[in-house]
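Enquirer: So that we are looking at the same thing, I have put the structure below in structure tokens.
Protein chains in written order, with the numbering used here: chain A, 1 to 1161; chain B, 10001 to 10250.
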């Protein structure tokens, strides 16, 4: 057992060839953290008796409660093997799918990994995932088959059965590795083929097709796990034992007298020992013999277990003496046999010894980094390594050398930022001075920097402390001051003169403690961010100035901007995605503890403090600007679970926003966004991840009560052509309509009197004062046209701005030719999409787009005498004076308002074209001309209108508006005199100002006209759709389909990934159905399918939200009330309910089935 | 006089009585609870689900049926069903618990939606969500008054919410074009009404783009109309000044 001090670690960090950076990867619950515990206990950090129970690296409360790891955490261990001393930077990673991003961050920093597989469960989905991740990052794996004790105790396997079971598992693991290998080879071959295609095409003729897939040529034997290769350990972490084949081979070679090399090769495999001939023979099964492994290894372990479990004292003693072990009396007498077993096994076959020596032998040191991996790390995205600038390519050597020399460029990769309570930082701990390794001046510097006390206060305290000290001195006089130990590493304290100096220093340290206490209280509520990083080259020092390169940084761009050979010290021009910062603190990561470090040489894992302002989630740090940012991390799971978050108390909004920002930085796989609706949305990888994020928000980052809800789902409203067939696929019109109860009554409700509707949906409506009449028709736009409008919304906006400036007659700000070309192209495309008789000249008649003047709806004018169009910017005509000009804006605003919220559930419209076919304002003109002659004083108009124009416009329901209409009508018809009078005034107002109340009326009328025109057509809802890509293995394909169809999903395609048994399914899924989708699909497929959702498009929901059965067939099929679910109606009602709009639903469905209890019974 | 025995008694449960006074007489019909409002709003179309019996009573609880001649006198017909329908739509009734509850809840939501639509968080220029407003309304113990319009109540709610949280009505963006002469004079008068002046432009005309509180719109409109005698113009650039698009935290 070695007790590693920080000093020792610092020493070891300099011997790069003896460093191993490894991580432990496995499926959830296969024993990663337990294994880590065993390894940690070998360093004496925790007691060996607690190993496996403590889960030292699970430092979060919820990790301990749930029993799963949720973050990757690192610890540095010391290991002695022979005469060599090794430093092992061990990173424990979570196994749950939701936290696979943490696995990615861990894998990036390592050179090798330990794959742990449960001996009972075998290869699980996450095992495959982590193998794939290790493969993608080019790091070398070793295998630990854990929980062998379960085979003995739980499953009661015989050694023979256990052997075949283990063999099976090994084959499974190798199969996964093999699949990864073949898919890579096939990919490479495909690439090569496309490259050679051109050449081979040019020489046709006697070509022989090459059937070999290139697999035969490529050697893959080194990839596989096999005990005789020494990269497999059989273990039981909970009982503290583990072994490779090697020690057994050595042991038996002496006993049986066979060469260890031979034994090493034959101990695993179909070999048996012929005891008579003292020979090892092949083919155990055919001869019914025990394989060598069973006979020599497993049998012994089994008998030990049997003896201890049955408490066979004699046998135990015999085994113990033969193994030359010493077991404490306490363990031997313990009630639980497992304790006894643990004591024996951990001495006989200590797991840490087996695993760590395998790690040291088989996994590469930072020096052995492969050129392939370096190139992969350095080339971002599709760029190949060769295309990088030469300076950058030179850095490859630095990577390969991994040297810690002064001259070597520093390259550090930060894979994640994690939050630590400020209290946990070493320099905030009051006990600091007793940790001998920490240099005095650094803490002094910190207290200087953070000192909340003024000079006077310090002087006062110093005075006080001096007095106290003087008293103390008097008391112990000649004795050496015990306090001196406090400042032991201050050289000045020696000698006579040193005494006073020592006093002084001791005083300052006292003061420091005081100041630190106050600092601590202040920092109580703060979270510090520490970067989880690794040095790939050079030496990092505390206080060093360094470049921070963001993921989007491009060295080739910035290199010519910067002077050659510049360093971070100099003043430099600003370069995108690059910043300069000072490394404030360096830490040695020891699980939940952090230790201050002065410098860290190449090849080590470390924590860096003070980067939180520069680094969001990951970054590359370097002293050379030529360094490229590392390739982004491969995330197995993308964020997919969306929830809306709100503070319980609305006044705590700022805290929430701040907390969410912190959370975003602290978690590599979380997305945080504010939507246009004002919702704060959190996107996480899964339900467990979500829970952790919420806990973090509540307890660490925001510290407020929050409430979580389903996010608001947007819809769009549109219209379609009238359907040709009804709901039972019969042609419409042939059936006799059955009189629906009160059907007529409903129809009347929809459109009030005073609005004329003709048979093909032309709406004619007058303004409340009857001065202007509008005729509007609504038509569905072709799908392509809608898409075109959506894509070009930015272009439309610039067009609109330009038109506005043209109309204003101002200095027109020029648009460049490029934009004009784009507009021209856009216009042509629109013309292509709008063809046919109905759309004749439509493009030239476009009046406006909506909503917000750039949406996917258009307004056309089809009446005489109007020429304005949106294409003004193309021919650059300035405004023309027409009679309509004054009111033009009102109509457009009315259209904008109508498109912003539709009649179905006040959601924006999409893909609708409104055509104004008639616009009669002759009366207005008349009045204007007559009134112009009179020169009466204009008195203030008191046109009764709703409290203000804006509120009246921005929102009104059908019912409200119709009542408004009636109100106006009542006032104008009911008392002709007053209406005359008001019309007079109106005329005045018109004369005086065209933007007065009449324009407001016009806006409202236009809006109503559009609404009714919509209602006259078959209305439909549009749902937002996700494209959903699912990777699933063949056996769970059926379940994936079941989940998809239950949620109204539609499968678009399904193909098999070459070289594997994984299917890739592409489907579309309504956003409204996606809540809980990821969780359900994972549950149903036991984690074998992983979905990804991306918003793709809007899709019309085919069912009519207002549909009721009308024909006889429909009655037969659906019944009178159409009880079967109507998807569109369900969505519509949900939205209306949420918005507090009137919902056409009965409070009580069946009158007779109400509770009849009265209160006094 | 018939004998009143339990066998020829029809006991009605879940009764809601709708009353109407016609021709000096009171008529009643027996309906089911929670159904009358549904009928009036049109969501319930089946009369059988509304009426307990197609009989017109003088007094439902005593079981006294209205006399035929009275009916003819009051309604001009003796078709009981038709009379029932008229009473259903015109008569008065005690609104039952569930009906009242749904109505209040609907109004509460409606108010919250209006508030959420009109207001923004002044710090971020982002709207609040309806759910948040609803919760805030519950926090200030706002009680819905069924007699006032939701719009009126929404304005009241905004005023009350301002005391507790950072909320403000979304500003309206206007463009004012004023003639040079009156421009200066008018500007002084407009000043207290304008929240933020975004741009000013003196050329041959005086042009201002500004943000105002929507409550001041009428005042400004009137002011400009009167003072400039119709020469000045006012244009609404946007009804609501809010941040658009999604924002991702970086």
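The beta carbon of each residue, even a glycine, is placed where N, CA and C say it ideally should be. The structure displayed is predicted, hence computed values, not measured ones.
Count the CB pairs spanning the segment 575 to 586 of chain A and the segment 395 to 408 of chain A that are closer than 8 Å, and state whether there are at least three.
Expert: No: fewer than three Cβ pairs fall under 8 Å.
Enquirer: Counting only the same chain and skipping the five closest in sequence on each side, list residues whose C-beta sits under 6 Å from that of residue 659 of chain A.
Expert: Contacts found: 697, 701, 702.
Enquirer: Check whether the segment 1001 to 1012 of chain A and the segment 684 to 693 of chain A are in contact - that is, three or more C-beta pairs closer than 8 Å.
Expert: Counting Cβ pairs under 8 Å, fewer than three are found: no touch.
Enquirer: Residue 653 of chain A CB to nearest chain B CB: under 8 Å?
Expert: So, interface residue.
Enquirer: What do you reckon, are the CB atoms on residue 10211 of chain B and residue 10173 of chain B nearer than 8 Å?
Expert: Cβ distance < 8 Å, so residue 10211 of chain B and residue 10173 of chain B count as in contact.
Enquirer: So, is residue 10101 of chain B buried or exposed, given that buried needs 16 or more other C-beta atoms within 10 angstroms?
Expert: Exposed is the call here.
Enquirer: Less than 8 Å between the beta carbons of residue 854 of chain A and residue 793 of chain A, yes or no?
Expert: Cβ distance < 8 Å, so residue 854 of chain A and residue 793 of chain A count as in contact.
Enquirer: Thinking C-alpha only, which one of A:668, A:699, A:259 is nearest residue 60 of chain A?
Expert: The candidate whose alpha carbon is nearest that of residue 60 of chain A is A:699.
Enquirer: If you drop the 5 nearest sequence neighbours on each side, which residues of the same chain put their C-beta closer than 8 Å to that of residue 133 of chain A?
Expert: Within the same chain, residue 133 of chain A has close Cβ partners 25, 100, 103, 104, 107, 634, 636.
Enquirer: So, residue 86 of chain A versus residue 21 of chain A, is the Cβ gap smaller than 8 Å?
Expert: No, the pair does not count as a contact, with Cβ atoms beyond the cut-off.
Enquirer: Got a sec: which bits of the segment 1042 to 1076 of chain A sit with their beta carbon under 9 Å from any beta carbon on chain B, in order along the chain?
Expert: From the segment 1042 to 1076 of chain A, no residue has a Cβ closer than 9 Å to chain B.
Enquirer: For residue 176 of chain A, which residues in the same chain have their Cβ closer than 6 Å to its Cβ, ignoring the five residues on either side in sequence?
Expert: So the qualifying residues of the chain are 128, 131.
Enquirer: Check whether the segment 1095 to 1105 of chain A and the segment 10106 to 10115 of chain B touch, using three or more Cβ-Cβ pairs below 8 Å as the test.
Expert: With the cut-off at 8 Å, the segment 1095 to 1105 of chain A and the segment 10106 to 10115 of chain B do not touch.
Enquirer: I'd like to know if the segment 10182 to 10199 of chain B and the segment 10139 to 10158 of chain B are in contact, where contact means that at least 3 CB-CB pairs between them fall below 8 Å.
Expert: Result no; under three Cβ-Cβ pairs closer than 8 Å.
Enquirer: Report yes or no: is there a C-beta of chain B within less than 8 Å of the C-beta of residue 677 of chain A?
Expert: Yes, residue 677 of chain A lies at the interface with chain B (some Cβ there is under 8 Å from its Cβ).
Enquirer: Is residue 414 of chain A buried or exposed, if buried means 16 or more other CB atoms sit within 10 Å of its CB?
Expert: Looking at its Cβ environment, which holds 16 or more other Cβ atoms inside 10 Å, residue 414 of chain A is buried.
Enquirer: When we look at the beta-carbon of residue 82 of chain A and count the other beta-carbons within 10 Å, is it buried (16 or more) or exposed?
Expert: Looking at its Cβ environment, which holds fewer than 16 other Cβ atoms inside 10 Å, residue 82 of chain A is exposed.
Enquirer: Establish whether the CB of residue 10024 of chain B and some CB of chain A are separated by less than 8 Å.
Expert: Not one chain A Cβ lies under 8 Å of residue 10024 of chain B.
Enquirer: With distance defined between alpha-carbon atoms, name the residue in A:1044, A:425, A:545, A:821 nearest to residue 594 of chain A.
Expert: Out of A:1044, A:425, A:545, A:821, A:425 has the C-alpha closest to the C-alpha of residue 594 of chain A.
Enquirer: DSSP three-state call for residue 978 of chain A: helix, strand or coil?
Expert: For residue 978 of chain A, the predicted structure reports a pLDDT of 37, less than 50, and the residue's modelled location is therefore unreliable. The matter cannot be settled from this model.
Enquirer: Can you look up residue 1142 of chain A in the DSSP assignment and give me helix, strand or coil?
Expert: DSSP places residue 1142 of chain A in coil when its eight states are reduced to three.
Enquirer: Residues of the segment 10106 to 10122 of chain B with a CB closer than 9 Å to any CB of chain A: list them in chain order, please.
Expert: Going along the segment 10106 to 10122 of chain B in chain order, one finds 10106, 10107, 10108, 10109, 10110, 10111, 10112, 10113, 10114, 10116, 10117, 10118, 10120, 10121 with a Cβ nearer than 9 Å to chain A.
Enquirer: Check whether chain A comes within 8 Å of residue 10163 of chain B, counting only Cβ atoms and requiring the distance to be less than that.
Expert: Residue 10163 of chain B does not count as touching chain A.
Enquirer: Using CA atoms only, rank isn't needed, just tell me which of B:10204, B:10073, B:10229 is closest to residue 10024 of chain B.
Expert: Checking every option, the nearest Cα to that of residue 10024 of chain B belongs to B:10073.
Enquirer: Which residues of chain B have a Cβ atom closer than 8 Å to the Cβ of residue 1154 of chain A, listed in chain order?
Expert: Residues of chain B passing the Cβ test: 10014, 10032, 10033, 10034.
Enquirer: Can you check whether the C-beta of residue 10055 of chain B is within less than 8 Å of a C-beta belonging to chain A?
Expert: Not one chain A Cβ lies under 8 Å of residue 10055 of chain B.
Enquirer: CB of residue 10031 of chain B to nearest heavy atom of the ligand PLP: below 7 Å?
Expert: As for the ligand PLP, it is missing from this structure, which has no ligand bound.
Enquirer: What residue ranges within the segment 70 to 126 of chain A form continuous alpha helix (DSSP H) runs of no fewer than 4 residues, ordered along the chain?
Expert: Taking only runs of at least 4 residues, the alpha helix (DSSP H) segments lying wholly in the segment 70 to 126 of chain A are 100 to 108.
Enquirer: At which residue ranges does the segment 9 to 73 of chain A contain complete alpha helix (DSSP H) runs of 4 or more residues, listed in the order of the chain?
Expert: Listed in chain order, they are 32 to 41, 61 to 66.
Enquirer: If you drop the 5 nearest sequence neighbours on each side, which residues of the same chain put their C-beta closer than 7 Å to that of residue 339 of chain A?
Expert: Within the same chain, residue 339 of chain A has close Cβ partners 331.
Enquirer: Which residues does DSSP pair with residue 1063 of chain A in a beta bridge?
Expert: Looking at the DSSP assignment, residue 1063 of chain A forms a beta bridge with A:1032, A:1056.
Enquirer: Excluding sequence positions up to five away, which residues of its chain have a Cβ less than 8 Å from the Cβ of residue 1026 of chain A?
Expert: Only 1068, 1069, 1070, 1071, 1074, 1093, 1094, 1095, 1096 meet the Cβ criterion.
Enquirer: Please list the segments of the beta strand (DSSP E) lying wholly inside the segment 10189 to 10226 of chain B, counting only runs of 3 or more residues, in order along the chain.
Expert: Counting whole runs of 3 or more residues, the segment 10189 to 10226 of chain B contains the beta strand (DSSP E) stretches 10194 to 10202, 10205 to 10212.
Enquirer: In the structure shown, what three-state DSSP assignment does residue 647 of chain A receive?
Expert: Residue 647 of chain A falls in the strand class under three-state DSSP.
Enquirer: Do residue 1051 of chain A and residue 1089 of chain A come within 8 Å of each other at the CB atom, strictly closer than that value?
Expert: No.
Enquirer: Does DSSP put residue 1085 of chain A in a helix, a strand or coil?
Expert: Correct three-state label for residue 1085 of chain A: coil.
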